[in-house]
Amino acid sequence: MKTEVQKLPQSLVEIKGEISAEEFEAYIEKAIEEYNQEAEIPGFRRGLTPEKILLEKIGEDKVLEKAATSAFRNFYPKIIEENKIEAIGGPEFRILKLARKNPLEFKIIVSVLPEVELPDYKKISREEFGAKVEIAIDNKEIDEKLEQLKKIVESKNNTKEELNDEFAKKVGNFQNLEELRKITAQNLEFEKKRKTQDKKRIEVLKKISEQAEIDIPLILIEAEKEKMLGELKKSVSETGFKWDDYLSQIKKSEQELLKSFDGEARQRVNFGLILREIAEQEKIEVNEEEVEKLSESYAKIYSRDKISRDYIYGLLKNEKTFAFLENLN
C-alpha cells in the first residue's frame with residue numbers, strides 16, 4: 001500500500017494512497033460472498049447464485065463500494081499508525097478510482113492534534129508566579145460570613161439565634177465563638193488563596209497563549225462547545241428548571257447558545273493544548289496509583305460508583321503541570 005501525506009491549514013492532514021489490485025480483489029470477493037448470502041435471487045438458493053448473475057442483480061458499483069468501505073476500515077488504523085498521525089475525530093474518506101482489477105485509489109482528510117510552538121513559558125511563569133500577593137482577612141469579612149451562617153441556621157430551624165458560644169457549639173464541634181471565628185478566618189483565607197491561585201494560573205496561560213502559535217482544529221472547538229452545553233444543561237436540571245423554559249428565559253435557541261460559546265471554547269482548547277505541550281516537554285507523568293486514589297476520593301465526594309479515569313488523569317496532569325510552573329523560582 002502506497003501513501004502520501006500532506007499537511008493542510010486548520011490542523012488537517014490529507015492522505016492520498018492506493019491499495020493494490022491484488023489486495024483489493026480479496027475485499028471484492030468477500031463483498032460478493034456477503035451479498036450472495038443475503039440476496040434472494042429467483043431460481044437460486046441463497047449463497048449459490050453465480051457471480052455474473054449476482055452482479056447483474058445487485059450492481060457491480062454497489063459491490064465495489066462495499067469492498068472499498070471494508071478495505072478502508074481495515075487499512076485506516078494501519079495508515080494512521082505507520083505515518084505517526086495523531087488523528088482526532090472521524091476521517092473523511094473519498095474514493096478517487098474504483099474499478100475491478102485496478103488499485104483502489106483514495107484520499108483521506110482527517111483532523112490532527114496541532115503542532116504547538118510555545119514562547120519561553122518558564123520565564124513568563126517565573127514573572128507571574130514569582131510576584132508575591134498578600135492574603136489578608138479582616139474582622140468585617142469574618143462577621144459577614146458568620147452572619148450568613150446564622151441566617152442559614154435560623155431559616156433551617158425556624159429559630160432566632162445570637163452569635164455567642166452556644167451558637168458555636170450548635171453549628172459544629174467548637175469550644176466557643178472565638179474558635180468558630182478562628183476556623184472561619186482560616187476557611188476564608190484558604191478560599192482567597194485558591195481564587196488568587198486560579199486567577200494567576202489563567203493570567204499565565206493567557207500570556208503564554210498570546211505568544212504561542214497553535215492552529216486549532218475546528219473539531220476540537222466544536223467538541224468543547226458541545227461539552228459546555230452539556231455542563232449547562234446539567235446545571236439547569238439541578239436547579240429544577242426545564243431546559244426549554246431556560247432557553248425561553250434567556251431568549252436564545254440552542255444553536256444561538258452554542259454560537260455564543262465560541263470564544264470561551266476556543267480559549268479552553270487553547271489552554272488545554274498549551275498545558276499538554278508543557279507536560280510533554282517537561283516529561284510530567286501521572287501514575288496509575290495516583291489516578292486510582294483520586295478516583296476513589298471523587299467517587300465518595302460525589303456519591304458515584306465511577307468517575308471517568310480520563311477525566312481524573314487530565315485533572316492530575318494539569319495540576320502537576322501548574323505545580324511545576326509555580327515552583328520554578
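Numbering (full-length UniProt numbering), first residue to last: 1 to 329.
Think of the CB as a built atom: it goes at the ideal place given N, C-alpha and C, for glycine as much as any other residue.
Computed from a predicted model, the values in this text were never measured in an experiment.
*If we ignore side chains and look at the alpha-carbon of each, how far apart do residue 297 and residue 22 end up?*
Spanning the two alpha carbons is a distance of roughly 56 Å.
*For residue 93, which beta-bridge partners are listed by DSSP?*
Looking at the DSSP assignment, residue 93 forms a beta bridge with 108.
*Whole angstroms is fine: what's the gap from residue 341's alpha carbon to residue 206's?*
Past the edges of the chain, shown from 1 to 329, lies residue 341, and the structure says nothing about it.
*Using DSSP with H/G/I as helix, E/B as strand and the rest coil, what is residue 163?*
Residue state, collapsed to three classes: coil.
*Compute the minimum distance between the beta carbon of residue 327 and the heavy atoms of the ligand HEM, and state whether it is under 7 Å.*
Although the ligand HEM was asked about, the structure shown includes no ligands whatsoever.
*Distance CB(residue 142)-CB(residue 177) smaller than 8 Å*: Not in contact: residue 142 and residue 177 (Cβ atoms no closer than 8 Å).
*asked:* Using a Cβ-Cβ cutoff of less than 7 Å, which residues in the same chain neighbour residue 114 once the five nearest sequence positions on both sides are dropped?
replied: Counting only residues of its own chain and dropping the five nearest sequence neighbours on each side, residue 114 has a CB closer than 7 Å to the CB of 11, 214, 215, 216, 217, 273.
*At which residues does the alpha helix (DSSP H) containing residue 28 begin and terminate?*
Unbroken alpha helix (DSSP H) run through residue 28: 21-38.
*In the DSSP assignment, find the beta strand (DSSP E) that holds residue 8 and state where it starts and stops.*
It spans 2-8 - the beta strand (DSSP E) in which residue 8 sits, taken as one unbroken run.
*Alpha carbon to alpha carbon, what distance is there between residue 209 and residue 110?*
C-alpha separation (whole angstroms): 25 Å.
*Can you tell me whether DSSP reads residue 212 as helix, strand or coil?*
Three-state DSSP puts residue 212 in coil, outside helix and strand.
*Does the stretch 19-39 come within contact of the stretch 60-73, defined as at least 3 CB pairs closer than 8 Å?*
Because the criterion of three Cβ pairs below 8 Å is met, the stretch 19-39 and the stretch 60-73 touch.
_Other residues of its chain near residue 67: CB distance less than 6 Å, five sequence neighbours each side excluded_ = Contacts found: 27, 28, 31.
*Is it the case that the Cβ atoms of residue 108 and residue 93 are separated by a distance below 8 Å?*
Yes, they are a contact pair.
*Can you check DSSP and say which residues form a bridge with residue 16?*
Residue 16 is bridged by DSSP to 4, 107.
*Kindly list the residues whose CB is nearer than 6 Å to the CB of residue 122, restricted to its own chain and excluding five residues on each side of it in sequence; keep chain order.*
Hits under 6 Å: 328.
_Member of 120, 136, 172, 86 whose CA lies at the smallest distance from the CA of residue 112_ = For the options 120, 136, 172, 86, the alpha carbon positioned closest to that of residue 112 is the one of 86.
*Is there contact here, the stretch 306-320 with the stretch 280-296, by at least three beta-carbon pairs under 8 Å?*
Yes, since at least three Cβ pairs between the stretch 306-320 and the stretch 280-296 fall closer than 8 Å, the two stretches touch.
*Give me the Cα-Cα distance between residue 231 and residue 307, rounded to the nearest whole angstrom.*
If I take the Cα positions, the gap works out to 16 Å.
*Between which two residues does the alpha helix (DSSP H) harbouring residue 56 extend?*
In the DSSP assignment, residue 56 falls within the alpha helix (DSSP H) that extends over 51-58.
_As assigned by DSSP and simplified to three states, the class of residue 219_ = Helix.
*Which residue's Cα is closest to the Cα of residue 333: 222, 223, 247?*
Coverage of the chain is limited to positions 1 through 329, which leaves residue 333 absent and any answer about it impossible.
*Give me the Cα-Cα distance between residue 72 and residue 226, rounded to the nearest whole angstrom.*
Take the alpha-carbon of residue 72 and the one of residue 226: they are about 29 Å apart.
*Pick helix, strand or coil for residue 88, following the three-state DSSP scheme.*
Reduced to three states, the DSSP call for residue 88 is strand.
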